[in-house]
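Below is one structure, written out as structure tokens; the observations come after it.
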Amino acid sequence: MKFLFVIGIIFSQMVIEVREPSIKKIGVSIVGPREITKRMEKMLGYFGEVETGRGDYIIKITNSHEKWVFNLFGPGVNLTRNFSGKNPSVLAKEFSNIFVKEVLSRNPPFASNIVFVEGPPGKRDVQLSSPDGMDKRRISTGCKLAMSPSWTYDGRKILFVCYMVKRPDIFIIDLQEGIQKPLFISQNFKATPAISPDGRFIIYSTSDGEAIDLFLYELKTGKIKKLTSDEFIEVSPSFSPDGKKIAYTSDKGGKPGIYIMDLESGKRERITSPFEYATAPKFSPDGTRLIYTKVQNNPVLYIYYINEGREEMVKMDSFYGCENPSFAPSGDLIAVSCRDEGFRWRIYVVDLLYGKTSMLTYSNYDQKTPSWSPSLW
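Sequential numbering of the sequence shown, starting at 6, is according to my numbering.
Structure representation (structure tokens):
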């Protein structure tokens, strides 16, 4: 008998839906790395074992002299892994990644990172966090104001806009080497950078007059190509996973809306209504969907299904607006900045399958423009 396993993850609990086609649906679950870590931390200092789980899956953790054995038992599953080390967070994520990859055959969301900007008004830095919020650190330096972080497709570097003195320039951070440097310097401001999947090009917005247009910068040669040339404002570009198309925001033909451009032909198509304000599109990892923000009374998230030509609202009833969503490598989770009941913007992880949300990390300052890295697995 065949079953379809669908995973929906909120990082205090990993929920697995087991479906027997056309007959019934059974909800079962195992714990995720955050709870595993808490159990492991309680075990440090003595030797023993602990079982934890909900539903049909149980994780049994045995600890002896910094030697850890993880056993996961469930319907048709008996997964065992041995680890050494003192860091419960690292070990818990490692085991969770193995389970998602080997048992569910999906890109593990725990093998990735999220960047965003955080800080008081007029002073924001780029922050990096694991998807469960357990490891957070500032990675930008020397910026009066940091904006619009985005990842290279190998997950090793981050592009962002940095106000150093008078104008914003595009900087790049190498996470392995810990080096931050300007990508290139010009007299015009630059905004919302994104890098192509093959790492050859960077697309960004800048103004060489009254309008704001999109430009394509080739890293190897330094050549710059102007992609749009009109009196309108074009910002927030995003590459498709195959690098052949971009999605971006333009106020051409009405209110700011979402366009898709074929980079080879230059053909452009508006996919949102000219009477609705939509912005900040991002492609899904498989290239079949776009997620973006519509500005209504409060910002609302929508998903556009490219092959079907239809859109669908993402229900986020518990917030006073959400904006700047970014897909996880698995495609079923997003990171997004939402305004809570205290009207503070915070980063949340949202399960698109189950509609559940989890705050990434707490802060006294606003957190904006999250970007989820590719899988590092």
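We treat Cβ as the ideally placed atom computed from N, Cα and C, and that holds for glycine.
Predicted model, so just to flag it, every value in this text is computed and none were measured.
Item: Candidates T366, D371, Q372 and P375, of which the one nearest D140 by Cα; Value: T366
Item: Local conformation of K29 per DSSP, three classes; Value: Because the pLDDT at K29 is just 33, under 50, the model does not fix this residue reliably, and the point stays unresolved.
Item: CA nearest to the CA of D267, picked from K257, Y282 and D247; Value: D247
Item: P375, buried or exposed, once every other Cβ within 10 Å from all chains shown has been counted against 16; Value: buried
Item: Three-state secondary structure assigned by DSSP to T233; Value: coil
Item: Nearest residue (CA-CA) to N83, options K260, I64, N92 and F206; Value: I64
Item: Contact check, W73 vs L96, beta carbons under 7 Å; Value: yes
Item: Chain-order list of residues whose beta-carbon lies under 7 Å from that of K186 (same chain, five-residue window excluded); Value: F176 and I177
Item: Any 3 or more C-beta pairs closer than 8 Å across the segment 342-349 and the segment 310-327; Value: yes
Item: T226 versus I251 - alpha carbon distance; Value: 21 Å
Item: Contained alpha helix (DSSP H) runs [length at least 4] in the segment 87-162, N- to C-terminal order; Value: 93-103
Item: Identity of the residue in E215, L232 and P136 nearest I208 by Cα; Value: L232
Item: Per-residue DSSP class, three states only, for T42; Value: helix
Item: Own chain residues within Cβ distance below 6 Å of P279, not counting five before or after; Value: G258 and G259
Item: Where T42 falls, given that 16 or more other Cβ within 10 Å makes a residue buried; Value: buried
Item: L133 beta carbon near the ligand NAP (any heavy atom closer than 6 Å); Value: The ligand NAP is absent from the structure shown, which contains no ligand whatsoever.
Item: Secondary structure of K195, DSSP reduced to three states; Value: strand
Item: Proximity winner among A151, E236 and E123, relative to R172 (alpha-carbon distances); Value: A151
Item: S69 versus E123 - alpha carbon distance; Value: 41 Å
Item: CB contact flag (K106, P113, <7 Å); Value: yes
Item: Residue span of the beta strand (DSSP E) that contains S342, given as start and end; Value: L338 to R344
Item: Extent of the continuous beta strand (DSSP E) to which A216 belongs; Value: Neither: A216 is in no beta strand (DSSP E) and is coded neither H nor E.
Item: Whole-Å CB distance - S241 paired with P286, under 8 Å assumed; Value: 7 Å
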